[in-house]
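Reviewing the structure listed below.
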Amino acid sequence: MSSQDLELASRIGELVSHFSEEWEEYQDWLRDIISSRLVLRERYPAWQTVVIFHWRLLYFVAYVGIVMVVNRLLKKLKSFLLEKDFLNFTILSERVATVTQLLGIARYRYILQRTATLLAVVELTLCGIAAFTGILLAFYYQPTALGAYNSLTMIVEEVTNGSLILSLHNLAGHSLIVLALVQIVVMFLGRRFLLSWLTAWISGICLTLTAIGLSWTAIVLNWEQTSFWRFKIELSIVASIPLVGSNLRDILSGGNGISSLTLQHMYALHSYILAVVAIILSITHLTALICQEQNWKPENKKFRLMQLCNKYVSNEESSSV
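Those letters in the sequence shown? Residues 52 to 372, per the working numbering, in order.
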């Protein structure tokens with residue numbers, strides 16, 4: 052940890068100290084960040100220590116800055132409402148106090164951790180549902196210009212529970228995008244940074260992008276008029292990317308406009324590449340969050356696989372005796 056890092060932290064402290072209310076509330080947090088550098092040196096290599104220390108300072112600045120802006124807006128709102136005589140001072144003071152308490156997100160760290168983990172479990176479940184229903188749909192779907200629309204119509208109208216399977220597949224994909232975006236917000240509010248948390252961040256963002264990619268590659272798979280023209284517009288947007296746009300468009304479309312070859316490319320990306328990546332990322336994401344929770348638990352409450360195995364073996368031996 053260089054002297055420049057400590058100088059940066061001191062400058063941040065001087066800047067925040069100009070705002071007395073926020074400084075009084077959050078100065079201990081900044082001191083904890085500065086004092087943690089010794090622990091970081093012992094646990095991580097030098098470059099990881101610098102990254103973690105800078106991340107914590109950046110998060111401190113962003114978090115305190117948001118709190119200051121919101122507090123100023125609340126004060127202006129209070130004065131405005133008092134001038135207009137909409138609310139009396141007592142009620143407004145109680146509401147301001149309630150909002151201020153809600154901004155103390157650190158007090159609810161455990162809830163945010165558990166919420167992020169539960170969302171990761173739901174995301175993995177949605178990936179499993181989407182994968183299972185996708186396999187069932189693949190038995191009947193034909194990725195050709197002549198067979199795509201007819202095969203989906205046959206799935207909905209003739210295959211037993213085909214409409215339910217297709218609806219579950221679409222619902223799982225859309226829900227995965229929504230939950231992944233919500234979880235990013237929850238993880239941001241968690242206000243913590245460890246290597247396992249970094250892994251969860253990266254895997255969560257990549258999972259969100261992969262889910263969006265799955266939705267994008269499925270645009271043209273039903274081979275309807277609206278999806279055809281929408282995908283054509285999307286390809287024109289891809290082609291406008293500097294340097295690689297034209298080549299990327301040709302790779303996605305097959306080089307000769309939207310045809311059966313385009314369907315096959317999108318189907319391969321959707322079913323064989325992005326789907327597998329999404330499952331791997333969801334497993335990695337959940338594992339990282341569970342490890343992160345274990346790091347914050349006391350030693351006597353951490354899950355130890357070897358201890359569980361030894362306890363099971365000892366119970367078996369005692370029962371056999």
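Cβ atoms here follow ideal geometry from the backbone N, Cα and C, with glycine treated the same way. Bear in mind that the values here come from a model prediction, so they are computed numbers and not experimental data.
Among the residues of its own chain, which have a CB less than 8 Å from the CB of Val289, if the five just before and after it don't count? The residues are Gly296, Leu299, Arg300, Leu303.
Return yes when the C-beta of His105 is under 6 Å from any heavy atom of the ligand MG, and no when it is not. For the ligand MG, the structure offers nothing, since it holds no ligand at all.
Within 10 Å of its beta-carbon, does Ser78 have 16 or more other beta-carbons around it, so buried, or fewer, so exposed? Residue identity differs from the one stated: residue 78 is Gln in this sequence, not Ser. Label assigned to Gln78: exposed.
Rounded straight-line distance, which links the Cα of Ser254 to that of Val67: 33 Å
Take the Cβ of Ala319 as the centre, count every other Cβ of all protein chains shown within 10 Å, and call the residue buried at 16 or more, exposed below. Exposed.
Ile314 and Pro194 closer than 7 Å at C-beta: First, the residue type needs correcting, since residue 314 is Leu and not Ile in the sequence shown. Result yes, Cβ atoms of Leu314 and Pro194 sit closer than 7 Å.
Which whole-angstrom value describes the C-beta separation of Tyr200 and Trp98, a residue pair presumed to lie in contact below a C-beta threshold of 8 Å? Their Cβ separation, rounded to whole angstroms, is 54 Å, which puts Tyr200 and Trp98 out of contact at 8 Å.
Express the C-alpha separation of Val112 and Ile63 in angstroms, rounding to a whole number. 8 Å
Pick from Tyr95, Asp83, Glu73, Ile263 that is closest to Val120, judged by C-alpha positions: Glu73
Where Ser202 and Leu227 are concerned, what is the direct C-alpha to C-alpha distance, given to the nearest angstrom? 25 Å
Taking the Cβ atom as the reference point for each residue, do Leu163 and Leu240 lie within a distance shorter than 7 Å? yes
Three-way DSSP call (helix, strand, coil) for Glu275 in this model: Collapsing the DSSP output to three states places Glu275 in coil.
Starting from Asn298, follow the alpha helix (DSSP H) in both directions and report where the run begins and ends. 296-304
Taking Cβ to Cβ, would you say Leu340 is nearer than 7 Å to Thr168? For Leu340 and Thr168, yes; Cβs fall inside 7 Å.
Option nearest Ile330 by Cα separation, candidates Glu344, Met317, Ala182, Glu75: Ala182
According to the Cβ coordinates, are Thr261 and Leu325 closer than 7 Å? yes
Quick check on this structure: which residue in Leu265, Trp267, Val233, Val207 has the alpha carbon closest to the alpha carbon of Trp252? Val233
Buried or exposed by the 16-neighbour rule on C-beta atoms within 10 Å, applied to Phe190: exposed
Quick one: residues in its chain with C-beta nearer than 6 Å to the C-beta of Asp269, no 5 flanking neighbours on either side, listed in chain order? The amino acid occupying residue 269 in the given sequence is Ala; Asp does not appear at that position. Hits under 6 Å: His321.
Alpha carbon to alpha carbon, what distance is there between Ser278 and Gly308? The straight-line gap from Cα to Cα measures roughly 14 Å.
Assign Val90 to one of two classes, buried (16 or more other C-beta atoms within 10 Å of its C-beta) or exposed (fewer than that). exposed
Cα-Cα separation, Ser61 to Ile85: 9 Å
Relative to the C-alpha of Val172, which candidate in Thr100, Ile186, Ile334, Val237 has its C-alpha closest? Ile334
For Leu265, which of Thr211, Gly185, Tyr114 has the nearest alpha-carbon? In terms of Cα proximity to Leu265, the closest of Thr211, Gly185, Tyr114 is Gly185.
How big is the Cα-Cα spacing for Thr166 and Ile292? 38 Å
With distances taken from CA atoms, which of Leu272, Ile235, Val271, Trp280 is nearest Ile258? Before going further, note that residue 258 is Leu rather than Ile in the sequence given. It is Ile235.
With 16 as the cutoff for other CB atoms within 10 Å, does Glu65 come out buried or exposed? exposed
Can you check whether the CB of Glu174 is closer than 7 Å to the CB of Leu230? yes
Helix, strand or coil for Tyr95 per DSSP? coil
Same chain, Cβ closer than 7 Å to Cys178, five either side skipped, listed in chain order: Leu227, Ala329, Ile330, Ser333
Counting C-beta neighbours from all protein chains within 10 Å, is the total for Thr100 16 or more, i.e. buried, or is it exposed? Buried, by the Cβ-count rule.
For Gly213, which residues of its own chain have a beta-carbon under 6 Å away from its beta-carbon, when the five flanking residues on both sides are left out? Ile206, Val207, listed in sequence order.
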